């Protein structure tokens, strides 16, 4: 996978005691089709990390889950303990909030993996946002696809 990490500005002592926002987005051109993920990790003042990555052929829902997984794994690597995830996939957010069942067999292992990652945080919340409020993560997801397709 071609991964692009754009910025890492964090002071680990500072981020351990604050809630960090993780904006994620997954994109697939075709459904399924070439897919990418975008992750933006930020505190109240600055971007701590941006990720654009190509994940191969996938559906948009798989890409959404993969983006969240990548964001949570990066947060764990950064010793972040309090996370507020913000995603534009209403399906994924409602599944993780327990409002929707996970029916797709392809999503069940991804859902389970997210649940195992969530348990590693002192606090975790997830909320849905409209696509226009998640432009940065969306651009990164598309950049992940573009970087692979040249």
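Residue numbers (the UniProt record's numbering): 1 to 150. The beta carbon of each residue, even a glycine, is placed where N, CA and C say it ideally should be. A quick note: this is a predicted structure, and the numbers were derived from the prediction, not measured.
Point to revise | residue 86 versus 116, 132, 119 and 99, residue with shortest Cα-Cα distance | key: 132
Practice item. Look up residue 88 in the DSSP assignment and give the residues it is bridged to. Key: DSSP lists no partner for residue 88.
Practice item. Kindly indicate which residue of 146, 21, 79 and 82 has the alpha-carbon position closest to the one of residue 47. Key: 21
Practice item. Figure out for me which residue from 130, 73 and 67 has the closest Cα to the Cα of residue 54. Key: 67
**Study point:** Residue range of the unbroken beta strand (DSSP E) whose run includes residue 38
**Key:** 33–42
Review point. Are three or more beta carbon pairs between the region 50–64 and the region 135–143 nearer than 8 Å?
Key: yes
Check your understanding: Between 18, 110 and 23, which lies nearest to residue 134 when the distance is taken from Cα to Cα?
Key -> 23
Check your understanding: Does the region 115–126 come close enough to the region 75–92 that 3 or more CB-CB pairs lie under 8 Å?
Key -> yes
Point to revise | Cβ separation of residue 96 and residue 114, assumed to be a contact under 8 Å, to the nearest whole Å | key: 6 Å
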